[in-house]
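Here the structure is laid out as structure tokens; the discussion comes afterwards.
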């Protein structure tokens, strides 16, 4: 398998886990950049690579430059770079591919669809990687790179990618918020989230082989007004009450 | 371990899985009742028990009577029964224990905290069972019964139980609805829910060992207004737009 020389621009959760996975697949991480000195040092140490905190010192000899900085910094960083025909990619779900076109003739997106943290090692093999490129040759190289770390590769355009991101916000970010609300309600009643962890696990498990719409349970889908009213009376937090009403209405609307 | 003679009143998802688990632990299911003939026959067949569709024909010789009918039917069914000092329990998350007090001197609640279906066999050993009883002796018998099918037993009062149910509605019913919304958004863009299934699994997995509040990711917790505005522009469905706004605000409020 082709090995690439890579510069990692960014040192957050995605850059960390992606860097570790690429290194493990024997690509060479030539350099790590972060504007924050401690982050740059931390990741450079993990990857045994040199680092810089200045965009002017980016190593110009790599094959691929991975922009894994905050969404609203991507275009700015790309504007600072002049990398001619080197491949430059960003890793964001929401940023248009064209926003980095200033820095090179060959650019694209390499969006790993998973929730990462710096400390928990990611199992990259199953992580879906969404690829987009401004030309065929670049796409081919991105496919080679992606296949070296994952078995789950998809060609996705910018419009689809932002919709994937929206879907992920509902199914993951919002879902986690509801876990947090459940935790809060239980704690207020001197109970532990442990009580409903088997239920949370089973709810996520069930949709592996079934359409979620068909798996819907609970008072709203049954049209059980009496239970919903009882719940609304018990919920003291105004925001939770509002959420309970709106989500229940949305479920009833699907009925 | 003590074996009990049991009458199952109801033949839905909970009655089915509970009946199967109790039979497996060598309790005797003396009789199954359902007002719907086909349901009664179906469950009676699975449990190899006699059945009836008339409350007047309930076998009076059992030790324990399990009311596993719809929430709004529980009190009515209990009013029809006169079982003196037999133990009578219901299995609902939302119905007050006292609503069945008319039918016996010894009554209680046996609430298995899981999402059940008739066809998918439940792993009862880990299912939390919430117990409540109107006297100590009844509670002791319910504990013996619960321990025979699960390792996860909790003494829970009616006030706590309804709050557990509310927490479960947020963490499971509402969560599943958000999976359904994600599925819908992806399908509208010719994409499959499979793409974000690893992300859904990881989101549920992460909170096994971490407080959900600390695991929150996504544009709302980052205060990333630009991405949220972009998402809101892309979401065409009015209800989804409303949900996106309200849940994001709720996440920002926690920040």
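Chains as they are written, first to last, in this note's numbering: chain A, 1 to 255; chain B, 1001 to 1255. Using N, Cα and C, we set each Cβ at its ideal position, and we do this for glycine too. The structure presented is a predicted model; accordingly, all values stated were derived computationally and were not measured.
The closest CA to that of residue 107(A), considering only 88(A), 118(A), 9(A), is found on 88(A). Residues of chain B whose Cβ lies closer than 7 Å to the Cβ of residue 99(A) do not exist, since the nearest Cβ in that chain is about 12 Å away. Following the DSSP letters along the chain, one finds residue 1176(B) inside the alpha helix (DSSP H) bounded by residues 1175–1188.
Under the Cβ distance rule, residue 1060(B) does not count among the residues neighbouring chain A, no pair being separated by less than 8 Å.
Residue-level contact by beta carbon fails for residue 1010(B) and chain A, as no gap is shorter than 8 Å. C-alpha of residue 75(A) to C-alpha of residue 103(A): approximately 10 Å in a straight line. Residue 1247(B) and residue 228(A) have their C-alpha atoms roughly 19 Å apart. Following the DSSP letters along the chain, one finds residue 1106(B) inside the beta strand (DSSP E) bounded by residues 1106–1112. The alpha-carbon separation between residue 187(A) and residue 240(A) amounts to approximately 15 Å.
The distance from the Cβ of residue 179(A) to that of residue 1171(B) is about 5 Å, consistent with a contact at the 8 Å cut-off.
Interface annotation, residue 169(A): in contact with chain B, CB-CB separation under 8 Å.
Here residue 1092(B) is not near residue 1008(B), since their CB atoms are 8 Å or more apart. Across the structure, residue 25(A) and residue 4(A) are spaced so that their CA atoms are roughly 10 Å apart. For residue 236(A), not one C-beta of chain B is nearer than 8 Å to its own C-beta.
Runs of the alpha helix (DSSP H) lying entirely within the stretch 51–96 of chain A and spanning at least 4 residues, in chain order: 71–80. CA-CA distance, residue 1197(B) to residue 1101(B), rounds to 46 Å. The C-beta distance from residue 230(A) to residue 1156(B) rounds to 17 Å, too long to meet the 8 Å contact threshold. With a threshold of 8 Å between beta carbons, residue 174(A) makes contact with chain B.
For the stretch 117–149 of chain A, the residues whose beta carbon sits under 7 Å from a beta carbon of chain B are, in order, 126, 127, 128. Taking CB atoms only, residue 1036(B) has no neighbour in chain A less than 8 Å away.
Note on geometry: alpha-carbon atoms of residue 190(A) and residue 1136(B) lie some 22 Å from one another. CA-CA distance, residue 1019(B) to residue 1031(B), rounds to 10 Å. Counting along the chain, residue 1006(B) sits inside the beta strand (DSSP E) bounded by residues 1005–1009.
Beta bridge pairing from DSSP links residue 1029(B) with 1006(B). Relative to residue 10(A), the option among 51(A), 23(A), 185(A) whose CA is nearest is 51(A). The alpha carbon of residue 208(A) has as its nearest neighbour, out of 1195(B), 1209(B), 1212(B), 1219(B), the alpha carbon of 1195(B).
The CB of residue 21(A) never comes closer than 8 Å to any CB in chain B; the least such distance is about 14 Å. For residue 131(A), the uninterrupted beta strand (DSSP E) run begins and ends at 129–133, by DSSP. Residue pairing by DSSP puts residue 1154(B) in a beta bridge opposite 1130(B). Inter-residue distance for residue 202(A) and residue 1115(B) is about 7 Å (C-alpha atoms, whole angstroms). Contact with chain B is found for residue 183(A), since one of that chain's Cβ atoms lies less than 8 Å from the residue's Cβ. Annotated three-state conformation of residue 1208(B) is coil, per DSSP. Residues of chain A whose Cβ lies closer than 7 Å to the Cβ of residue 1178(B) are, in chain order, 170, 171, 174, 175.
Within the same chain, and ignoring the five residues on either side of residue 1021(B) in sequence, the residues whose Cβ sits closer than 6 Å to its Cβ are 1124, 1149. In the three-state reduction of the DSSP assignment, residue 224(A) falls in the coil class.
Nearest in C-alpha terms to residue 251(A), of all of 35(A), 177(A), 214(A), 181(A), is 214(A).
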